[in-house]
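Number of protein chains: 2
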Amino acid sequence: MSLVVIGSVAYDAIETPHGKRDRMLGGSCTYIALSASYFTKTSIVAVVGEDFALEDTTLLAGKGVDLQGLETVPGKTFFWSGVYSADMNDRKTLATDLNVFADFEPKLPAAYAHLPYLFLGNIQPALQLSAQRQMPGLRFVGGDTMNYWINGNKPELLETIKHWDFLLINDSEARMLAEENNIRKAAQKILAMGPNTLIIKRGEYGAMLFRKDNLFICPGYLLDDVFDPTGAGDCFAGGFVGYLAERGFDLRNGRFDVAELHRAVIYGSVMGSFCCEEFGVERFRTLTRKEIDQRFEEFRRFTAF
Amino acid sequence: MSLVVIGSVAYDAIETPHGKRDRMLGGSCTYIALSASYFTKTSIVAVVGEDFALEDTTLLAGKGVDLQGLETVPGKTFFWSGVYSADMNDRKTLATDLNVFADFEPKLPAAYAHLPYLFLGNIQPALQLSAQRQMPGLRFVGGDTMNYWINGNKPELLETIKHWDFLLINDSEARMLAEENNIRKAAQKILAMGPNTLIIKRGEYGAMLFRKDNLFICPGYLLDDVFDPTGAGDCFAGGFVGYLAERGFDLRNGRFDVAELHRAVIYGSVMGSFCCEEFGVERFRTLTRKEIDQRFEEFRRFTAF
Chain A
63 MSLVVIGSVA YDAIETPHGK RDRMLGGSCT YIALSASYFT KTSIVAVVGE DFALEDTTLL
123 AGKGVDLQGL ETVPGKTFFW SGVYSADMND RKTLATDLNV FADFEPKLPA AYAHLPYLFL
183 GNIQPALQLS AQRQMPGLRF VGGDTMNYWI NGNKPELLET IKHWDFLLIN DSEARMLAEE
243 NNIRKAAQKI LAMGPNTLII KRGEYGAMLF RKDNLFICPG YLLDDVFDPT GAGDCFAGGF
303 VGYLAERGFD LRNGRFDVAE LHRAVIYGSV MGSFCCEEFG VERFRTLTRK EIDQRFEEFR
363 RFTAF
Chain B
63 MSLVVIGSVA YDAIETPHGK RDRMLGGSCT YIALSASYFT KTSIVAVVGE DFALEDTTLL
123 AGKGVDLQGL ETVPGKTFFW SGVYSADMND RKTLATDLNV FADFEPKLPA AYAHLPYLFL
183 GNIQPALQLS AQRQMPGLRF VGGDTMNYWI NGNKPELLET IKHWDFLLIN DSEARMLAEE
243 NNIRKAAQKI LAMGPNTLII KRGEYGAMLF RKDNLFICPG YLLDDVFDPT GAGDCFAGGF
303 VGYLAERGFD LRNGRFDVAE LHRAVIYGSV MGSFCCEEFG VERFRTLTRK EIDQRFEEFR
363 RFTAF
């Protein structure tokens, strides 16, 4: 069932030990939507400038992504540039040019208003909340945030996530949000802030899912080579929420199996791992659903005991 | 079936954010043997000084550990002192007084010579090899090492592990030994050095087991509180090899199920997690096999999908 994704569509310049790209399609909304499109009909809400290339629109449209909510305005598309350390565990931002993204206010097309699933990519919390309010029939809603909002806009962020079913962040963000170093205690504090489900991403070490009465932990997929980790967390998000949308996961009406959440974490991990295999969104040009399901089964094999 | 453990028996002074102990029982052989004793008859080979306390001998004997190979010689017992960082991910060594351990040469009692299982704790590789040569009827043998031997005695270390079934080290040691940063590639290089099974410990992030045709990855157990991580890796080793000895795992004669190796990794993780719950070996004063099996089942629950 249909999913709406809100976030940034951008151009990235990236350098990893494997090479360099001066300008390639990026942005959280792009990665989430491409990843989710393998599971469910996906519609996006984002803004780009007049420099946005036809081939990039074509890539998204080719995956069946609904672009009614992709607004083009005068100016340049959001641009980000970064360089990774030799072991790729660190990256340094070289440039962040918000450009047209600086004035982004999500306006949802009428056709999106009654869709059941919403993923709010990492943008200003007040804008996430305003987008959510435009969708009165939601069955499952949640999103991402980052240290910038946790440190600088915490009351606004708390008001926003209060209305979410799930929050998907990394371990350092979870510790910062909860002001608690122990991850198990941090999770309980975050669950008390509103979301009934918390997913904590741990990069190469996998992910954890917490609910009041449930814990799931999965290790990361072991790649032969990490080519470019950019977007891996967003692809995790797309796989997680995309799979649940595909399954018709219905938390609001109590028609759900908690094991579906565990499998959604695995699909998230699978999508994050594929993302790292090539630069930027390149892997999605060839990736098939069959490869995705095969890697899901591989996860079963290397975690069974 | 009986297991022999060789390594250090020591006194430790430790400071963690939870408190401080000036002198408590420690050493790799101690932790490995205490942990393994929950699964199988365990015999140790180690050396202590005349200051070794009766209560510490009593603790080991009380767990059924065979102390025929525990030699007491004139002088003081090996002493180590360290302090952990606030998040306990780092520790600084304050003192390492080898004392009687400086002249340790493992001499196996005649009664040990035909026992089937051997774990070689982290001591000089040549001594590990000499100990192994005193046991001609081994069914499963392996051990641990550390950066000190990898950097300083590599040819000797390679000659030693060539004769092992399994090597159990942490991720940074694996990268160093293989001279390869990618862990999957490092594992393949190490498997070519002799051991048919490689277990890589990743601390709070769990562990991985590699064989030529097999991969198993398990996440770490999520503790409410890490009180003192000292000895956790050794307790992992004790749980891993102790469980396989209990099951009669027989690699040399081909009577084994590879799934037992996966379960052994889980039992290793379980034992490592219990170790962190109190200072030093304290947790083993009260720990029961029932608690161990319960935590094993808990691992099943939080990893199932």
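Those protein sequence lines, which keep their order, are chains A and B.
Under our numbering, think of the first position of the first sequence as 63, with each following residue one higher.
Under our numbering, think of the first position of the second sequence as 63, with each following residue one higher.
C-beta atoms are modelled at their ideal positions from N, C-alpha and C, and glycine is treated no differently.
If you're wondering where the values come from, they're calculated on a predicted model, not measured in any experiment.
Query raised in the report: Cβ-heavy atom distance between G300 (chain B) and the ligand ADP below 7 Å?
Result: In terms of ligand content, the structure shown is empty, and the ligand ADP therefore cannot be addressed.
(Q) I want to verify the contact list: residues of chain A whose CB lies under 9 Å from the CB of Y267 (chain B), in sequence order. (A) The residue given as residue 267 (chain B) occupies position 205 in the second sequence. What Y267 (chain B) touches in chain A, judged by beta-carbon distance under 9 Å, is R264, E266, Y267, G268, P281 and G282, going in chain order.
**Message:** Is the beta carbon of G342 (chain B) closer than 8 Å to that of D74 (chain B)?
**Reply:** As a working note, residue 74 (chain B) is residue 12 in the second sequence. As a working note, residue 342 (chain B) is residue 280 in the second sequence. Yes, the pair counts as a contact, with Cβ atoms nearer than the cut-off.
When you check each C-beta in the segment 318 to 348 of chain B against every C-beta of chain A, which residues fall closer than 8 Å?
-> Residues of the segment 318 to 348 of chain B whose Cβ lies closer than 8 Å to any Cβ of chain A, in chain order: A321, H324, R325, V327 and I328.
Distance cutoff 8 Å, beta carbons only. Does T365 (chain B) sit that close to anything in chain A? Within the second sequence, the letter at position 303 stands for residue 365 (chain B). By this cut-off, T365 (chain B) is an interface position.
Worksheet entry | Neighbour-count burial assignment, R195 (chain B), 16 or more Cβ in a 10 Å radius | If you number the second sequence from 1, residue 195 (chain B) lands on position 133. Exposed, by the Cβ-count rule.
Let me see if you follow: with CB-CB separation under 8 Å, is R246 (chain B) close to chain A or not? Translated into the one-based positions of the second sequence, residue 246 (chain B) becomes position 184. The beta carbon of R246 (chain B) falls within 8 Å of a beta carbon belonging to chain A, placing the residue at that interface.
Can you tell me whether Y210 (chain A) is buried or exposed? The criterion is at least 16 other CB atoms within 10 Å of its CB, across all chains shown.
Residue 210 (chain A) sits at position 148 when you count from the first residue of the first sequence. Exposed is the call here.
Margin query: Pop quiz: R237 (chain A) and A254 (chain A) are said to be a contact at Cβ under 8 Å. What is the actual Cβ separation, rounded to whole angstroms?
Written below: Here residue 237 (chain A) is taken as the residue at index 175 of the first sequence, counted from 1. Here residue 254 (chain A) is taken as the residue at index 192 of the first sequence, counted from 1. At roughly 16 Å, the Cβ-Cβ gap does not stay under 8 Å, so R237 (chain A) and A254 (chain A) are not in contact.
Do I231 (chain A) and D206 (chain A) count as a contact pair if the criterion is CB distance below 8 Å?
The residue you call residue 206 (chain A) lines up with position 144 of the first sequence. The residue you call residue 231 (chain A) lines up with position 169 of the first sequence. Cβ atoms of D206 (chain A) and I231 (chain A): closer than 8 Å.
Self-check item: 8 Å CB neighbourhood of L170 (chain A) in its chain, flanking five on each side removed
Solution: In the first sequence, residue 170 (chain A) corresponds to position 108, counting from 1. Counting only residues of its own chain and dropping the five nearest sequence neighbours on each side, L170 (chain A) has a CB closer than 8 Å to the CB of V66, V107, G131, A193, Q196 and M197.
task = Spell out a yes or no on whether the segment 87 to 95 of chain B and the segment 292 to 299 of chain B are touching, meaning 3 or more CB-CB pairs, one atom from each, closer than 8 Å.
result = Counting C-beta pairs closer than 8 Å gives three or more between the segment 87 to 95 of chain B and the segment 292 to 299 of chain B, which meets the contact rule.
Check: What's the call for R314 (chain B), buried or exposed, on a 16-neighbour Cβ count within 10 Å?
Finding: In the second sequence, the residue the question calls residue 314 (chain B) occupies position 252. When all chains shown are included, R314 (chain B) counts as exposed.
Q) Using 8 Å as the threshold, is the segment 341 to 355 of chain A in touch with the segment 302 to 321 of chain A, meaning 3 or more CB pairs across them? A) No: fewer than three Cβ pairs fall under 8 Å.
- Query: According to DSSP, is I252 (chain A) helix, strand or coil?
  - Reply: Your numbering for residue 252 (chain A) matches position 190 in the first sequence. Here DSSP, grouped into helix, strand and coil, assigns I252 (chain A) to helix.
| Which runs of the alpha helix (DSSP H) spanning at least 4 residues fall entirely within the segment 179 to 247 of chain B, listed in chain order? | Scanning the segment 179 to 247 of chain B from its first residue to its last, the whole alpha helix (DSSP H) runs of 4-plus residues come out as 187 to 195, 209 to 214, 216 to 223 and 233 to 240.
With C-beta atoms as the reference, is G282 (chain B) less than 8 Å away from Y267 (chain B)?
-> What you label residue 282 (chain B) is simply residue 220 of the second sequence in a count that begins at 1. What you label residue 267 (chain B) is simply residue 205 of the second sequence in a count that begins at 1. In contact: G282 (chain B) and Y267 (chain B) (Cβ atoms closer than 8 Å).
- prompt: Between the C-alpha atoms of E308 (chain A) and G330 (chain A), what's the straight-line distance to the nearest angstrom?
  reply: Start at 1 with the first residue of the first sequence, and residue 308 (chain A) comes out as number 246. Start at 1 with the first residue of the first sequence, and residue 330 (chain A) comes out as number 268. Rounded to whole angstroms, E308 (chain A) and G330 (chain A) show a C-alpha spacing of 13 Å.
Looking only at DSSP bridge pairs, what is C280 (chain A) linked to?
As a working mapping, residue 280 (chain A) is identified with position 218 in the first sequence. DSSP lists A:A269 as partners of C280 (chain A).
How many angstroms separate the CA atom of I185 (chain B) from the CA atom of G265 (chain B)?
Counting from one through the second sequence, the residue named residue 185 (chain B) turns up at place 123. Counting from one through the second sequence, the residue named residue 265 (chain B) turns up at place 203. Cα-Cα distance, rounded: 21 Å.
- Message: Here's the rule I'm using: 16 or more other beta-carbon atoms within 10 Å means buried, otherwise exposed. How should Q190 (chain B) be labelled?
- Response: On the second sequence, residue 190 (chain B) is found 128 positions in, with the first residue counted as 1. The residue in question, Q190 (chain B), is buried, as its Cβ has 16 or more Cβ neighbours within 10 Å.
* Asked: From E112 (chain A) to F228 (chain B), what does the alpha carbon distance come to, in whole angstroms?
  -> As a first step, residue 112 (chain A) must be located in the first sequence, where it is residue number 50. As a first step, residue 228 (chain B) must be located in the second sequence, where it is residue number 166. Cα to Cα, the separation comes out at about 60 Å.
| By DSSP, does R83 (chain A) sit in helix, in strand, or in coil? | Indexing the first sequence from 1 puts residue 83 (chain A) at position 21. Looking at R83 (chain A) - three-state DSSP - the assignment turns out to be strand.
For L156 (chain A), count neighbouring C-beta atoms within 10 Å of its own C-beta (all shown protein chains included) and say buried if the count is 16 or more, exposed if not. Locating residue 156 (chain A) in the first sequence gives position 94, where the first residue counts as 1. Burial call: exposed.
| From V327 (chain A) to K263 (chain B), what does the alpha carbon distance come to, in whole angstroms? | To locate residue 327 (chain A), count along the first sequence from 1; it is residue 265. To locate residue 263 (chain B), count along the second sequence from 1; it is residue 201. Cα to Cα, V327 (chain A) sits roughly 23 Å from K263 (chain B).
Relative to the alpha-carbon of H225 (chain A), which residue among A:V288, A:A172 and A:R201 has its alpha-carbon at the smallest distance? Counting from one through the first sequence, the residue named residue 225 (chain A) turns up at place 163. If we check each option's Cα against that of H225 (chain A), A:R201 comes out closest.
Q) What residue from A:I245, A:F181 and A:G69 has the CA that sits closest to E167 (chain A)'s CA? A) Along the first sequence, one-based indexing puts residue 167 (chain A) at 105. The shortest Cα separation from E167 (chain A) among A:I245, A:F181 and A:G69 belongs to A:G69.
Give the residues from the segment 271 to 303 of chain B that approach chain A closer than 9 Å (Cβ to any Cβ), ordered along the chain. Flagged, chain order: N276, L277, F278, I279, C280, P281, G282, Y283, L284, L285, D286, D287 and V288.
At the level of alpha carbons, what is the spacing between V162 (chain A) and V135 (chain A)?
Residue 162 (chain A) sits at position 100 when you count from the first residue of the first sequence. Residue 135 (chain A) sits at position 73 when you count from the first residue of the first sequence. Approximately 7 Å, taken between the alpha carbons.
Selection of the segment 223 to 255 of chain B by Cβ proximity to chain A, strictly under 8 Å: Residues N243, N244, I245, R246 and K247.
Alpha carbon to alpha carbon, how far is S199 (chain A) from L182 (chain A)?
Numbered from 1 along the first sequence, position 137 holds the residue referred to as residue 199 (chain A). Numbered from 1 along the first sequence, position 120 holds the residue referred to as residue 182 (chain A). Strictly speaking, residue 199 (chain A) in this sequence is Gly, with Ser absent from that position. About 16 Å.
Notebook entry, point to check: Mind checking whether F367 (chain A) and R325 (chain B) have CB atoms under 8 Å apart?
Noted result: Taking the first residue of the first sequence as position 1, residue 367 (chain A) is located at position 305. Taking the first residue of the second sequence as position 1, residue 325 (chain B) is located at position 263. Result yes, Cβ atoms of F367 (chain A) and R325 (chain B) sit closer than 8 Å.
Check K352 (chain B) in the structure and name its three-state DSSP category. Translated into positions along the second sequence, residue 352 (chain B) becomes position 290. Correct three-state label for K352 (chain B): helix.
Q. Taking the C-alpha atoms as reference points, what is the distance between N215 (chain A) and P187 (chain A)?
A. Translated into the one-based positions of the first sequence, residue 215 (chain A) becomes position 153. Translated into the one-based positions of the first sequence, residue 187 (chain A) becomes position 125. For N215 (chain A) and P187 (chain A), the distance between alpha carbons rounds to 8 Å.
Out of B:N258, B:M86, B:G334 and B:T348, state which residue places its alpha-carbon closest to the alpha-carbon of N276 (chain B).
Position 214 of the second sequence, counted from the first residue, corresponds to residue 276 (chain B). When only C-alpha atoms are compared, the closest one is B:N258.
Notebook entry, point to check: Is the beta carbon of F302 (chain A) less than 8 Å from the beta carbon of I354 (chain A)?
Noted result: Sequence index remark: in the first sequence, residue 302 (chain A) carries index 240 (1-based). Sequence index remark: in the first sequence, residue 354 (chain A) carries index 292 (1-based). No. Outside cutoff.
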